[in-house]
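Participant: Residue numbers (the UniProt record's numbering), protein chains in the order written: chain A, 1 to 426; chain B, 1 to 426. Ideal Cβ positions, reconstructed from N, Cα and C, are used throughout, including at glycine. Note that the coordinates shown come from a computational prediction; the quantities given were computed from them, not determined experimentally.
1. Under 8 Å between C-beta atoms, does residue 371 of chain B make it to chain A?
2. Using a Cβ cut-off of 8 Å (strictly closer), state whether residue 6 of chain A contacts chain B.
3. Using CA coordinates, which residue listed in B:26, B:45, B:145, B:112 is at the minimum distance from residue 389 of chain B?
4. Under a CB-based cut-off of 8 Å, is residue 242 of chain A close to chain B?
5. Where does residue 378 of chain B sit, in a helix, a strand or coil, going by DSSP?
6. Would you say residue 259 of chain A reaches chain B, if we count a Cβ-Cβ gap shorter than 8 Å as a contact?
7. How should residue 63 of chain B be labelled, buried or exposed, when 16 other C-beta atoms within 10 angstroms of its C-beta is the threshold for buried?
8. Can you list the residues of chain B that residue 362 of chain A reaches, using a CB-CB cut of under 7 Å?
9. With 16 as the cutoff for other CB atoms within 10 Å, does residue 3 of chain A come out buried or exposed?
10. Just by C-beta distance, which residues in the stretch 395-414 of chain B are closer than 9 Å to chain A?
11. Is there contact here, the stretch 11-31 of chain B with the stretch 206-223 of chain B, by at least three beta-carbon pairs under 8 Å?
12. Return the chain-ordered list of same chain residues with a C-beta closer than 6 Å to the C-beta of residue 102 of chain B, the five sequence neighbours on each side being excluded.
13. For residue 413 of chain B, write down the residues that DSSP places opposite it in a beta bridge.
14. Quick check on DSSP: helix, strand or coil for residue 189 of chain A?
15. If you run the structure through DSSP and keep just helix, strand and coil, what is residue 352 of chain B?
16. Would you call the stretch 409-423 of chain A and the stretch 362-379 of chain B in contact, with 3 or more CB pairs under 8 Å?
17. Which word fits residue 32 of chain A, buried or exposed, when buried means at least 16 other C-beta atoms lie within 10 angstroms of its C-beta?
18. Give a yes or no on whether the minimum CB-CB distance between residue 378 of chain A and chain B is below 8 Å.
19. Roughly how many angstroms separate the alpha carbons of residue 105 of chain A and residue 411 of chain B, rounded to a whole number?
20. Could you name the residues of chain B that residue 253 of chain A contacts, counting a contact when the two beta carbons are closer than 7 Å?
21. Per DSSP, what kind of secondary structure is residue 236 of chain A in: helix, strand or coil?
22. For a quick check, are the C-beta atoms of residue 367 of chain B and residue 404 of chain B less than 8 Å apart?
23. Tell me whether the beta-carbon of residue 322 of chain A lies closer than 8 Å to the beta-carbon of residue 307 of chain A.
24. Closest to residue 312 of chain A by C-alpha separation, out of A:304, A:297, A:305, would be which residue?
25. Are any of the Cβ atoms in chain A nearer than 8 Å to that of residue 417 of chain B?
26. Quick one, which of A:352, A:196, A:281 has its alpha-carbon nearest residue 11 of chain A's?
27. At 7 Å on the CB atoms, spell out the chain B contacts of residue 268 of chain A, in chain order.
28. Going by DSSP, what residue range makes up the beta strand (DSSP E) through residue 266 of chain B?
29. In whole angstroms, give me the CA-to-CA distance for residue 427 of chain B and residue 80 of chain B.
30. Does the stretch 216-231 of chain B come close enough to the stretch 33-43 of chain B to have 3 or more Cβ pairs within less than 8 Å?
31. Can you tell me where the alpha helix (DSSP H) holding residue 50 of chain B begins and where it ends?
32. For chain B, is any of its Cβ atoms less than 8 Å away from the one on residue 18 of chain A?
33. Here's the rule: buried if 16 or more other CB atoms are within 10 angstroms of the residue's CB, otherwise exposed. What is residue 156 of chain A?
34. I'd like to know if the stretch 54-63 of chain A and the stretch 241-253 of chain A are in contact, where contact means that at least 3 CB-CB pairs between them fall below 8 Å.
35. Please list the terminal residues of the continuous beta strand (DSSP E) segment that includes residue 150 of chain B.
36. With 16 other CB atoms within 10 Å as the buried threshold, where does residue 42 of chain B fall?
See the structure below:
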């Protein structure tokens with residue numbers, strides 16, 4: 001197959017090929033050069049703040065005119081403070097360790113060849129996202145940090161904001177002598193063009209969709225390039241027979257109330273029958289005071305004033321709202337069976353003082369993040385020490401759980417010998 | 001989506017669901033239990049040797065009756081020695097380290113939560129392969145070692161052999177109290193059933209096709225489950241201006257002649273112009289004596305008696321035969337540019353005494369395996385220290401290069417705290 005786009009190539013194919021070519025220049029950059037670039041990108045955002053906010057105001061006006069809902073408008077909206085936060089996030093990515101070139105293992109074989117496992121960039125990463133214009137800068141920063149080219153396909157609601165942000169970032173690329181195509185903002189926002197992009201498996205190494213379940217399913221359905229994704233986070237807290245109940249209440253409140261609209265919020269509480277009497281009335285009082293609606297099985301309902309009966313669907317639901325499903329279980333194994341059946345492989349928490357129960361919970365569940373006596377809200381790239389997050393994977397391939405810059409690289413083999421051969425002399 | 005197969009479920013879906021259920025039992029096994037099982041599987045193959053060879057003889061007769069080619073017959077054929085080798089390979093997998101439960105990193109965050117990265121099984125792995133019946137045992141062993149269930153879809157040519165081998169292996173599973181569905185041999189070999197299997201992305205975690213490029217492209221085209229694959233190995237040897245020419249000749253002979261039909265054999269030789277006069281006539285004499293056909297550019301042809309002109313296609317070809325493409329390049333960068341343009345991301349070798357040239361070659365090329373002064377034939381799971389190999393990936397995702405048992409697992413996060421919350425108290 002020829003690497004060169006001929007005249008019959010589509011625009012998106014030509015753009016992707018240019019990004020791949022430019023990605024080689026990014027891959028060759030030193031750590032210092034990449035970090036300088038990222039800081040310059042932060043400065044460029046600051047310098048263009050006025051123009052970006054004007055563009056964003058136009059996006060907001062257009063969205064309002066179309067009758068867009070409040071939550072979406074909030075995701076779309078930028079102000080001076082948010083924009084400064086985005087610029088600072090770029091500088092923070094500059095401060096992260098560089099995954100490229102990292103030697104993860106070394107071994108010398110009996111025949112004397114030395115084998116190192118070394119991280120290299122993936123190549124070209126396509127981000128597919130919706131209304132949040134901050135993704136344009138955040139994703140670009142992490143992809144470039146990891147030595148990749150990035151193709152950004154944002155939502156039409158944010159098009160003016162994205163163009164303004166990408167314009168600032170590209171200026172920084174130009175000033176550092178890096179081909180602008182290393183950061184390619186797709187300007188043709190038709191669905192069929194996105195599908196074409198998702199089928200360029202000879203050019204694009206990975207697609208990461210971020211947004212609602214509809215977008216993610218669309219990407220997964222149409223892609224021929226590898227996709228890393230998570231559909232939803234149905235996160236569980238299990239209060240064990242031997243739980244510290246005060247601690248369990250803290251985890252419950254933090255997990256359900258502190259930010260109910262995010263994927264690491266709790267959706268279901270499972271309580272061991274032995275502590276149901278002591279725990280559930282306190283939980284009900286605490287949560288009702290915070291306007292949380294309780295949907296419970298019969299045994300939980302009997303102990304939770306104000307609760308309503310849970311439907312079958314409630315056990316599989318990601319409410320993303322002040323709603324909690326509650327069930328009483330007779331054993332740890334019943335809790336595990338419930339989570340296996342209804343979980344989404346995202347994040348599960350056990351509250352217990354019993355080390356054996358904790359070990360069994362961790363061993364039996366294969367979710368991306370399993371926690372003992374800590375809040376589900378820590379299931380986040382920053383909180384787990386990755387520095388920044390490009391997405392979360394609930395697919396057990398390549399990355400599982402929150403993904404940082406390292407997830408945008410891959411280990412390969414570098415072998416050094418002194419003339420060893422396999423079948424000539426031994 | 002319900003986990004339970006209803007009556008309208010297809011056979012293949014029901015089989016896959018049973019495999020996923022059984023995979024949980026495999027995931028829960030201790031290292032010792034898994035190793036006992038693998039040794040018992042080896043013993044079962046030995047015990048059933050007679051029946052397996054009878055079945056294999058029938059497969060061979062049927063293949064011959066259909067006029068199957070010699071190379072395919074050789075891949076299909078088992079004899080006592082080959083079968084003993086397969087049984088021993090199972091015991092060797094037992095002796096490998098267990099990747100499951102391996103803690104790859106630990107960190108304590110400022111708030112006191114302890115984060116460990118721990119390897120867990122993928123779940124269900126589907127192997128799609130052609131005529132080699134040894135894959136039935138080899139792939140099953142590696143998948144089980146890594147705590148997975150395995151669905152085996154072999155070629156119709158080997159169906160009797162595969163049934164006999166799988167029967168022996170399943171007896172070992174039964175004897176160890178593990179549900180037989182952990183090893184599921186697909187008995188319906190229609191293409192549409194394979195396509196259905198490849199679309200079960202709610203059940204199957206990974207598909208690994210092994211065989212000719214046609215099969216692999218078919219799998220990649222139809223799969224909705226993640227696929228790890230390599231299409232071909234167009235491996236390069238570059239003899240640098242500062243190469244030790246005797247060493248380079250050894251690498252050339254081993255790489256091209258020792259087993260030309262495998263993917264880590266050399267296909268193209270690139271020679272720096274400064275050493276073309278000294279190197280190419282010797283290379284031509286050595287290779288011609290081994291019946292290697294030389295397809296060369298003009299400058300190489302002038303120095304290689306018997307060479308014929310290379311066509312444009314030859315630079316992209318995986319000959320899998322005693323054929324070598326040869327080109328003279330003026331600089332290291334020209335060699336890198338050639339490999340970037342024509343390579344398959346599999347394995348590239350530089351012969352040089354110049355450390356800077358070696359470093360530049362390694363840095364500039366992102367192939368899965370890059371070697372300095374060592375034969376391309378070491379690009380193999382066993383030779384690179386993985387113990388055994390389930391496949392090779394030239395896709396920069398999840399695994400890149402030869403894949404062993406570890407590539408059938410994924411790192412997840414295990415977090416231990418003492419009641420830390422994110423937004424309640426700090």
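Facilitator: Taking the geometry as given:
1. yes
2. The predicted position of residue 6 of chain A is uncertain, since its pLDDT is 49 and thus under 50; a value taken from the coordinates is nonetheless stated next. So no, residue 6 of chain A is outside the interface.
3. For residue 389 of chain B, the closest C-alpha among the options B:26, B:45, B:145, B:112 is that of B:145.
4. Against chain B, the CB of residue 242 of chain A has no partner CB under 8 Å away; the residue lies outside that interface.
5. helix
6. So, interface residue.
7. buried
8. 414
9. Low local confidence applies: a pLDDT of 44 at residue 3 of chain A is under 50, so the model's placement there is unreliable, and no value is given.
10. For the stretch 395-414 of chain B, the beta-carbon criterion of a distance under 9 Å to any beta-carbon of chain A is satisfied by 395, 396, 397, 398, 399, 400, 401, 402, 409, 410, 411, 412, 413, 414.
11. no
12. 119
13. A:369, B:117
14. coil
15. coil
16. yes
17. Looking at its Cβ environment, which holds fewer than 16 other Cβ atoms inside 10 Å, residue 32 of chain A is exposed.
18. Yes, residue 378 of chain A counts as interfacial toward chain B.
19. 16 Å
20. 424
21. strand
22. no
23. no
24. A:297
25. Output row for residue 417 of chain B: interface = yes.
26. Ranked by Cα distance from residue 11 of chain A, the options A:352, A:196, A:281 are led by A:196.
27. Neighbours of residue 268 of chain A on chain B: none; closest Cβ ~17 Å, over 7 Å.
28. 266-272
29. This structure gives no information on residue 427 of chain B, because the portion of chain B shown stretches from 1 to 426.
30. no
31. 49-65
32. no
33. exposed
34. Result no; under three Cβ-Cβ pairs closer than 8 Å.
35. 149-153
36. By the neighbour-count criterion, in which a residue is buried when 16 or more other Cβ atoms sit within 10 angstroms of its Cβ, residue 42 of chain B is buried.
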